[in-house]
Amino acid sequence: MAQGEKHHLSNSKLNDVDEYGFERPSDFRYESYEEFMSKYLTVLTRRARKWSHLLGAKETVGRGMKVKRYIRKGIPLVHRGKMWMEVSGARKKMEAHPGYYKSLQDLPLNEDLMECIRVDIPRTFPDNIYFRDYKEGKLGSLKNVLVAFSNHNKEIGYCQGLNYIAGLLLIITKDEECAFWLFDVLTTDLLPQYYTPDMVGVLTDIRVLESIVKEQAPLIWKHVAHYGITWDLLATKWFICLFAEVLPIETVLRIWDCLFYEGNKILMRVAVTLVVSNQEKILMSQEFVDIIHCFKTIAKDEDALNCHTFIENVFRVTGSFSRARLAKLREECEAQIKAEKDKETGGKSFASSCVTSLTLDA
Amino acid sequence: MAQRGGAQRPSGGGQGKICQFKLVLLGESAVGKSSLVLRFVKGQFHEYQESTIGAAFLTQTVCLDDTTVKFEIWDTAGQERYHSLAPMYYRGAQAAIVVYDITNQDTFGRAKTWVKELQRQASPNIVIALAGNKADLANKRMVEYEEAQTYAEENSLLFMETSAKTAMNVNDIFLAIAKKLPKSDNNARSCWMLQVITFKTGETM
Ligand SMILES: Nc1nc2c(ncn2[C@@H]2O[C@H](COP(=O)(O)OP(=O)(O)O)[C@@H](O)[C@H]2O)c(=O)[nH]1
Ligand SMILES: [Mg+2]
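Sequence order for the protein chains is A and B.
When the letters of the first sequence are read in order and numbered with this note's numbering, they come out as residues -1 to 360.
When the letters of the second sequence are read in order and numbered with this note's numbering, they come out as residues 5 to 209.
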């Protein structure tokens, strides 16, 4: 099996398409990728061996410090889909509702919602070879999962960005029903307020990120504020897409390993790390445009690509980060958002008073 | 994708003013906002343009006779759910393009709602353009040119039918906005003079 994994990943090095079906962009840096892969393959081989030991003849891992450590070091691709199902509780849900997924597809769906989904299907991962065809590829499955989910969770229905999440789940699980239940766990259990109509969970987490940066890296916070940039401009997509379509694919999968096992705290850890460990680059960007650009670049550079050290760094930079602290920050930020909203709907001329006139050439 | 192409200060001689403006694109999902920006900034068109999450930021420069206008463009996501995120993109914007799809009447209705919201909530002197996109699909037309034009006139909007696919009127609509924007320091996000100082021989400093 160690052999299989190694073979699987190393082969793709030479191709224009990666092992998940994504075409490499024309400016893909093969050299730095190969350098990373030559090191990462050793890690993968070791992890594959350790995981076979851990699993033995079983299909399950349970919970505990050792499992947590193993998961933080990455679930081998061959086990990933299955392990996500297990550690997240998705399998339990699926087994408790046999036939339910299929039954959802026969229900009629609200026309507006259907239209929203319909226009996003062909716009999901256009750079992935599996997402080009309804019959042969995954587009049909993607539609089935999204439609079923809209019928299942009427409050969320469909929210743009969920197409990428369901798409990635399909790539990993290769099974509609499994993808559906993982999707349900993510949107309903792990991130209950992210995709609801007010998206308050996303807005809150952006604020939380800002307040942590302000405390942990005040220079960055000041710098960004100086140029009139608000954090929602920088981090909205990070949270909505759970870093899919933001960070390199292998890094995203490593983050999702932790997400399914440990919960949503990992998203905040990653966001904070991305910002804090790139302090120098951010501070060197000296214009509004450059800072926005810098935040795109740091999500795609070598540090982001090098998923193993990236994840190690995430836990080092954010250290012991208690659930209680995160909960408290979220509570405060959510209250702040609510208060601002009330004020805005109370007194009208808010927008025009916010016009920024910045002198960039000072 | 952040894109910085064409955003440099011109290196030519003479005197020129450079003004920087924030422009936002609004409109229903899939009307072609991202495609219009891609056409304007990179001259490309993708049959399957990736759906926009949150918003995308790009820049492009337009040269007028005596002024260079640099647009900072925010391309927003269209779904109703993202509505609560929209104000941060149009706040402080000096220009907006509200886009609809000429083959879809609902998207025109949604465009009108956006115009109303901008008139109420955005800066009072924001320049608003209405773009009837996908004009290449005239055989599937559901929104008449005259209807949109009348609406635009009544609301003092710039109006053009565009096609990101064929490039029709794409540069033109940005150019029309650039022309209409007042180029004074207190209106633009920032303005600066580009001066080439020449020294005549014999002149002492
Ligand atoms: N025929 C035609 N199709 C277009 C045009 N502009 C955009 N499209 C297509 O419409 C779909 C949605 O475009 P997109 O730019 O993603 O829309 P957005 O959601 O408003 O950003 C894509 O498949 C585009 O290829 C156009 O001018 N003509
Ligand atoms: Mg778009």
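The C-beta atom is built at its ideal place from N, Cα and C for all residues, glycine as well.
Which residues, in order along the region 228 to 239 of chain A, keep a beta-carbon less than 8 Å from a beta-carbon of chain B? Thr228, Asp230, Leu231, Thr234, Lys235, Ile238 and Cys239
Does the beta-carbon of Glu310 (chain A), which I'm using as the reference point, lie nearer than 7 Å to any heavy atom of ligand 1? Along the first sequence, one-based indexing puts residue 310 (chain A) at 312. Every heavy atom of ligand 1 is 7 Å or more from the Cβ of Glu310 (chain A), so no.
Under 7 Å from any heavy atom of ligand 1, does the C-beta of Gln53 (chain B) make it? Within the second sequence, the letter at position 49 stands for residue 53 (chain B). Gln53 (chain B): yes, Cβ under 7 Å from ligand 1.
Do Trp236 (chain A) and Val244 (chain A) have their beta-carbon atoms positioned less than 8 Å apart in this structure? Residue numbering aside, residue 244 (chain A) sits at position 246 when the first sequence is read from its first letter. Residue numbering aside, residue 236 (chain A) sits at position 238 when the first sequence is read from its first letter. Closer than 8 Å, so yes.
So with CB distances below 7 Å, who are the chain C contacts of Arg121 (chain A)? You won't find chain C in this structure, because its protein chains are A and B.
Cβ-heavy atom distance between Val28 (chain B) and ligand 1 below 7 Å? To locate residue 28 (chain B), count along the second sequence from 1; it is residue 24. Answer for Val28 (chain B): no, Cβ out of range of ligand 1.
In chain order, what residues of the region 155 to 167 of chain A put their CB closer than 9 Å to some CB of chain B? Gly155, Tyr156, Cys157, Gln158, Gly159, Asn161 and Tyr162
Check whether the Cβ of Ala81 (chain B) lies closer than 8 Å to any Cβ atom in chain A. Numbered from 1 along the second sequence, position 77 holds the residue referred to as residue 81 (chain B). Yes, because at least one Cβ of chain A sits closer than 8 Å to the Cβ of Ala81 (chain B).
Using only CA atoms, which one of A:Met282, A:Asn149 and A:Val143 lies nearest to Asn108 (chain A)? Translated into the one-based positions of the first sequence, residue 108 (chain A) becomes position 110. With distances taken between Cα atoms, Asn108 (chain A) lies closest to A:Asn149.
Within 8 Å of any Cβ in chain A, is that where the Cβ of Ala139 (chain B) sits? To locate residue 139 (chain B), count along the second sequence from 1; it is residue 135. No, Ala139 (chain B) lies away from the interface with chain A (no Cβ there is under 8 Å from its Cβ).
Around the Cβ of Tyr93 (chain B), are there at least 16 other Cβ atoms within 10 angstroms (buried) or fewer (exposed)? Here residue 93 (chain B) corresponds to residue number 89 of the second sequence, with the count starting at 1. Per the 10 Å Cβ criterion, buried.
Secondary structure of Cys176 (chain A), DSSP reduced to three states: On the first sequence, position 178 is the one that residue 176 (chain A) refers to. Three-state result, Cys176 (chain A): helix.
Report all residues from its chain with a CB closer than 7 Å to the CB of Lys4 (chain A); omit the five preceding and five following residues, and keep chain order. As a first step, residue 4 (chain A) is located in the first sequence; it is residue number 6 there, counting from the start. Confidence at Lys4 (chain A) is low in this model, with a pLDDT of 44, below 50, so the placement of that residue should be treated as unreliable; the coordinate-derived value is given next. Excluding sequence neighbours, Lys4 (chain A) sits near Leu39, Leu42 and Thr43.
Candidates B:Arg43, B:Leu89, B:Glu151 and B:Thr72: which alpha carbon is nearest Gly58 (chain B)'s? On the second sequence, residue 58 (chain B) is found 54 positions in, with the first residue counted as 1. Checked all of B:Arg43, B:Leu89, B:Glu151 and B:Thr72; the closest Cα to Gly58 (chain B) is B:Leu89.
Cα-Cα separation between Met35 (chain A) and Ala115 (chain B), rounded to whole angstroms: For the purposes of this step, residue 35 (chain A) is taken as the residue at position 37 of the first sequence. For the purposes of this step, residue 115 (chain B) is taken as the residue at position 111 of the second sequence. Each residue's Cα considered, the two are about 48 Å apart.
Could you check whether the Cβ of Cys114 (chain A) sits closer than 8 Å to any Cβ belonging to chain B? Numbered from its first residue, the first sequence carries residue 114 (chain A) at position 116. True, the Cβ-Cβ gap to chain B drops below 8 Å.
Completely contained alpha helix (DSSP H) runs for the region 99 to 141 of chain B, where each covers 4 or more residues: 109 to 125
For Val287 (chain A), would you say it is in contact with chain B, using Cβ-to-Cβ distances shorter than 8 Å as the test? In the first sequence, the residue the question calls residue 287 (chain A) occupies position 289. It does; some Cβ of chain B falls within 8 Å.
For chain A, is any of its Cβ atoms less than 8 Å away from the one on Leu185 (chain B)? As a first step, residue 185 (chain B) must be located in the second sequence, where it is residue number 181. Leu185 (chain B) does not count as touching chain A.
In the DSSP assignment, what residue or residues form a beta bridge with Glu76 (chain B)? The sequence position of residue 76 (chain B) within the second sequence is 72, counting from 1. Partner(s): B:Lys26 and B:Thr63.
Chain A within 8 Å of Gly31 (chain B), Cβ atoms only: Start at 1 with the first residue of the second sequence, and residue 31 (chain B) comes out as number 27. By this cut-off, Gly31 (chain B) is not an interface position.
Is it right to say Arg314 (chain A) is buried, meaning 16 or more other beta carbons lie within 10 angstroms of its own, or is it exposed? As a first step, residue 314 (chain A) must be located in the first sequence, where it is residue number 316. Exposed.
Would DSSP call Asn311 (chain A) helix, strand or coil? As a first step, residue 311 (chain A) is located in the first sequence; it is residue number 313 there, counting from the start. Helix.
Drop a sphere of 10 angstroms on the beta-carbon of Gln24 (chain B), count the other beta-carbons inside from all chains shown, and report buried for 16 or more, exposed for fewer. Locating residue 24 (chain B) in the second sequence gives position 20, where the first residue counts as 1. Classification for Gln24 (chain B): buried.
Cβ distance (whole Å) where Gln83 (chain B) is taken to contact Cys157 (chain A) below 8 Å: Position 79 of the second sequence, counting from 1, holds the residue named residue 83 (chain B). Position 159 of the first sequence, counting from 1, holds the residue named residue 157 (chain A). Between Cys157 (chain A) and Gln83 (chain B) the Cβ distance is about 7 Å, and since that is below 8 Å, they are a contact.
Spell out whether any CB of chain A is found under 8 Å from the CB atom of Tyr104 (chain B). Translated into the one-based positions of the second sequence, residue 104 (chain B) becomes position 100. Output row for Tyr104 (chain B): interface = no.
Lys166 (chain B) Cβ short of 7 Å to ligand 2 heavy atom set: As a first step, residue 166 (chain B) is located in the second sequence; it is residue number 162 there, counting from the start. Per the sequence presented here, residue 166 (chain B) reads as Thr, with Lys not at that position. No, ligand 2 has no heavy atom inside 7 Å of this Cβ.
Shorter than 7 Å, the distance from the beta carbon of Thr122 (chain A) to the closest heavy atom of ligand 1, or not? Position 124 of the first sequence, counted from the start, is the residue given in the question as residue 122 (chain A). Not under cutoff, so the answer is no.
With three or more beta-carbon pairs closer than 8 Å as the criterion, would you say the region 60 to 77 of chain B touches the region 169 to 187 of chain B? yes
Listed from N- to C-terminal order along the chain, which residues in the region 192 to 225 of chain A have their beta-carbon within a distance smaller than 9 Å of any beta-carbon of chain B? Tyr193, Thr194, Pro195, Asp196, Met197, Val198, Val200 and Leu201
Quick check: is any heavy atom of ligand 4 less than 7 Å from the C-beta of Thr111 (chain B)? Among the ligands in the structure shown, ligand 4 does not appear; only ligand 1 and ligand 2 can be found there.
Say whether the region 85 to 102 of chain A touches the region 264 to 281 of chain A, bearing in mind that this needs 3 or more beta-carbon pairs closer than 8 Å, one atom from each stretch. no
Indicate whether Tyr162 (chain A) and Cys239 (chain A) have their beta-carbon atoms separated by less than 8 Å. Position 164 of the first sequence, counting from 1, holds the residue named residue 162 (chain A). Position 241 of the first sequence, counting from 1, holds the residue named residue 239 (chain A). Yes; because the gap between Cβ atoms is below 8 Å, this pair is in contact.
In terms of alpha-carbon separation, which member of A:Asn13, A:Glu174 and A:His51 lies closest to Leu102 (chain A)? In the first sequence, counting from the first residue as 1, residue 102 (chain A) sits at position 104. Ranking A:Asn13, A:Glu174 and A:His51 by Cα distance to Leu102 (chain A) puts A:Glu174 first.
C-beta neighbour in chain B for Ala0 (chain A), strict 8 Å: Here residue 0 (chain A) refers to the residue found at position 2 of the first sequence. The predicted model places Ala0 (chain A) with a pLDDT of 42, which falls under 50 and marks its position as unreliable; any figure quoted below should be read in that light. No, no contact with chain B.
Quick one: does the C-beta of His77 (chain A) sit closer than 7 Å to a heavy atom of ligand 1? Against the first sequence, residue 77 (chain A) aligns to sequence position 79. No, the Cβ of His77 (chain A) stays beyond 7 Å of every heavy atom of ligand 1.
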